[in-house]
Amino acid sequence: MPPSNKGGPLPQEQLDLLRDWIVQGASWPEGLKLEPTRRDTGEQPKVDESLATAPKVVVDIRNKAIEKLIDQLEPTMKPFEEEISGTGV
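Structure representation (structure tokens):
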């Protein structure tokens, strides 16, 4: 905190100062609001949302492409059998 490309990490002296501020009640200026940074999660929009207004030809092409990919890739798919390290799964 902050990331190295933003000048971090903070020196221990500054971390101690922040920790003390929090322990003492961390007064916050009235009216000050922080807005979270929007991050791309990589998730695709739901089909109903993204294709609701798409022309029928676009939907048909998309569906045909998905069918073709499934036909090509499904025979090579196999269950994941390894443990995901550090998760117990």
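Heads up: take any position in the sequence shown, counting from 1, add 1, and you land on our numbering.
Positions of the beta carbon are idealized from the N, C-alpha and C atoms, including for glycine.
Asked                                                                                                                                                                          : Found
Measuring straight from C-alpha to C-alpha, what distance separates Leu-11 and Ala-27?                                                                                         : 18 Å
Quick check: Leu-52 and Val-58, are their CB atoms within less than 8 Å of each other?                                                                                         : no
In angstroms with no decimal places, state the Cα-to-Cα distance between Thr-38 and Asp-17.                                                                                    : 26 Å
Where does Thr-54 fall in DSSP's three states?                                                                                                                                 : coil
Tell me the rounded alpha-carbon separation between Pro-80 and Pro-4.                                                                                                          : 37 Å
Grab the span of the alpha helix (DSSP H) containing Arg-40 for me, first residue to last.                                                                                     : That residue, Arg-40, is in no alpha helix (DSSP H); it is neither H nor E in DSSP.
So for Pro-4, helix, strand or coil by DSSP?                                                                                                                                   : coil
Leaving aside the five residues before and after Glu-82 along the sequence, list all residues of the same chain whose C-beta is less than 8 Å from its C-beta, in chain order. : none
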